[in-house]
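The structure appears right after this line, and notes come after that.
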Amino acid sequence: MVRSGIRSYLDAVRQQLSEAPASWLAFAALLAWMFGLYWSDLFVARVSTAQFDFLQLRALWLAVEAGTLLVACACVRFVSERSLPIAVGAGTCLFAGTVLVLFAPADAASDALRVAGVALTGFGSAVLLVLQGIGFARKGPKPLLINVALALLVASVFDSVLLYLSPDLQPMIVSLLPVICVVLLAVSTRSGTGASSAPPSGSGDPSAAPSGSAVSDTAPSGFGASPNRAIAIRVVALPLVVGLAYGLMQRLTGDAYTSGAAEVNIATIVSFFLSAVFIALAALFFDSRKLIKLVCFVAIPIIGIAFVMLPLFSDAGEAAQAICIIGFNSFYFMVWALWAGDQGGLALPKRFILGLFVLVGAESLGSLIGIQVVTAVRDSGSTLAVVSLVVVYLLLMAGIFSFDRSGGAREEQAQRSIAASDDPGASGLLAGADAAALDGWAKRFGLSARETEVFELLAKGRNRVYISKTLFISDNTTRTHMKNVYRKLGVHSQQELIDLLEG
Numbered sequence: 002m003v004r005s006g007i008r009s010y011l012d013a014v015r016q017q018l019s020e021a022p023a024s025w026l027a028f029a030a031l032l033a034w035m036f037g038l039y040w041s042d043l044f045v046a047r048v049s050t051a052q053f054d055f056l057q058l059r060a061l062w063l064a065v066e067a068g069t070l071l072v073a074c075a076c077v078r079f080v081s082e083r084s085l086p087i088a089v090g091a092g093t094c095l096f097a098g099t100v101l102v103l104f105a106p107a108d109a110a111s112d113a114l115r116v117a118g119v120a121l122t123g124f125g126s127a128v129l130l131v132l133q134g135i136g137f138a139r140k141g142p143k144p145l146l147i148n149v150a151l152a153l154l155v156a157s158v159f160d161s162v163l164l165y166l167s168p169d170l171q172p173m174i175v176s177l178l179p180v181i182c183v184v185l186l187a188v189s190t191r192s193g194t195g196a197s198s199a200p201p202s203g204s205g206d207p208s209a210a211p212s213g214s215a216v217s218d219t220a221p222s223g224f225g226a227s228p229n230r231a232i233a234i235r236v237v238a239l240p241l242v243v244g245l246a247y248g249l250m251q252r253l254t255g256d257a258y259t260s261g262a263a264e265v266n267i268a269t270i271v272s273f274f275l276s277a278v279f280i281a282l283a284a285l286f287f288d289s290r291k292l293i294k295l296v297c298f299v300a301i302p303i304i305g306i307a308f309v310m311l312p313l314f315s316d317a318g319e320a321a322q323a324i325c326i327i328g329f330n331s332f333y334f335m336v337w338a339l340w341a342g343d344q345g346g347l348a349l350p351k352r353f354i355l356g357l358f359v360l361v362g363a364e365s366l367g368s369l370i371g372i373q374v375v376t377a378v379r380d381s382g383s384t385l386a387v388v389s390l391v392v393v394y395l396l397l398m399a400g401i402f403s404f405d406r407s408g409g410a411r412e413e414q415a416q417r418s419i420a421a422s423d424d425p426g427a428s429g430l431l432a433g434a435d436a437a438a439l440d441g442w443a444k445r446f447g448l449s450a451r452e453t454e455v456f457e458l459l460a461k462g463r464n465r466v467y468i469s470k471t472l473f474i475s476d477n478t479t480r481t482h483m484k485n486v487y488r489k490l491g492v493h494s495q496q497e498l499i500d501l502l503e504g
């Protein structure tokens, strides 16, 4: 079972490496740009102005990103239909803003130019983030995680090299990264794998995606999501709490960015690399029904640990910041997978842009709130302890509540599946059987998590094309899982499997 899962994962990685390298390399260029300009102390002196420090300008950058995302929510159709021209325009703004921030004269009269540059970078980065994120999300949760992990790994390596270049060369390379990003996006779009590419098309077989199936719902199949409850939690509630916590952490550990220590940059790069490892593992052991567990009980506690460290270890701000970056990056991209799917129309872009707006806006708001908190805790360790405990409590409650509501949504999905099985047009499992009974069969015969998903769909009479589309896996991978299911249950065909269950 383990070998089969690893083979399936390696096949998916090879597919992304060979079929869509330009798309995740473009994302790697954008991530490397973000590190160079706003997530390290390489350009602290260049970015700061007489009125605003580095962290305040970064909060402005995030605020402009949030405003851009809010506008994109209202113009989602235009963004989806004209993705390449918009990408070129956004890349131009990002390049121009970066040049203003890094190369404006170092005097008070040029402060307005730097602020304008920060605003331009906020607009450009938000648009490019949306276009690339939606392109990944349309591929499905597992390919999305693989693409993000690859991009983070490449960005980590590039940023490591950037640290050792001459100070005169560093800003020139960072300013060229937006151009590289747009060029790669154009290449991926022309090859049909970029932001403007359409979602995977269905099979000509009518049974591959029947009307009213989970594939055409507002949430990807297997996620157990209901449009009114679980989706709202995953798109709004979780990103809101985590974004606020991360923005506050950045302000509480703000001295790390102004210390000029090279260790801070190295720790940030290592955090990016470890985030890529976490996300790659999430893709390796991907189970659509358990991804919410990873988000709630892995990424969120990591951020909580960083807040616990602050009052306990007064000189561990850099370490706490690095841990928080790992947790936030893991959450940031794992929650993208919760928004992903292969729905047609504007359902996915709307959900993705809204979730990203909440996440980025909450991070910006958390940074602004942090300004007041830093003043309050400057001479009071007990105040910092109280703030940390409150944040940890909110994080844990958000995780527990989200997981609990997700479980309730899964029960609703199971009830809908049972009702569908009573439909005269539905084939497969007897009406008396439910999800619990299928889980019992799966445990009895030692099926893996992915084999269980395939087994449940086979029991409902779904064909191989439908299973591949619903679970976002290749046809060869589906064949392998079907063979494993048949072998473990001692049957040789789908009809024999259904006969076994009914008998």
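Numbering (the working numbering), first residue to last: 2 to 504. Just so you know, even glycine gets a beta-carbon here, dropped at the ideal spot from N, CA and C.
ARG115 is positioned such that its CB atom lies closer than 9 Å to that of LEU101.
The count of Cβ pairs closer than 8 Å, one atom from the region 270–282 and one from the region 151–163, reaches three, so the stretches are in contact.
In terms of Cα proximity to ALA51, the closest of ALA113, ASP12, ALA33, VAL65 is ALA113. Under a 10 Å Cβ-count criterion, VAL359 is classified as buried, with 16 or more other Cβ atoms of the shown protein chains found around its own Cβ. Cβ atoms of CYS74 and LEU355 come within 8 Å of each other, at about 6 Å. Straight-line spacing of the CA atoms in ARG15 and PHE329 works out to 27 Å. If only complete runs of 4 or more residues are kept, the region 344–374 shows no alpha helix (DSSP H) anywhere.
Nearest neighbour of ALA105 by Cα position, chosen from ARG488, ARG47, ALA399, GLY141, turns out to be ARG47.
Around the Cβ of GLU66, a 10 Å sphere holds 16 or more other Cβ atoms; the residue is buried. For the pair SER331 and ILE293, the CB atoms are not nearer than the 9 Å cut-off. Rounded to whole angstroms, the Cβ separation of LEU95 and PRO179 is 4 Å, and the two are in contact under 8 Å. Straight-line spacing of the CA atoms in ASP108 and ILE181 works out to 30 Å.
Looking only at PHE279, ILE370, LEU282, VAL265, the smallest Cα-Cα distance to ALA317 is reached by VAL265. Take LEU366, set aside five residues on each side of it, and the residues of its chain with a beta-carbon closer than 7 Å to its own are LEU245, GLY248, in chain order. In this structure, LEU472 is the residue among LEU472, TYR467, LEU498, LYS489 with its C-alpha nearest to the C-alpha of LYS140. With a threshold of 16 other beta carbon atoms within 10 Å, ILE401 falls short and is exposed. Of ILE280, SER126, PHE308, the smallest CA-CA separation from MET35 is found for SER126. Counting only the Cα atoms, ASN148 lies some 23 Å from GLY123. For the set LEU448, GLN17, LEU458, ALA60, the Cα lying nearest the Cα of ARG252 is the one of ALA60. At a Cβ-Cβ threshold of 9 Å, SER19 and THR190 do not count as neighbours. No Cβ-Cβ contact shorter than 9 Å links MET310 with LEU146. For the 9 Å CB-CB criterion, GLY305 and VAL387 do not form a contact.
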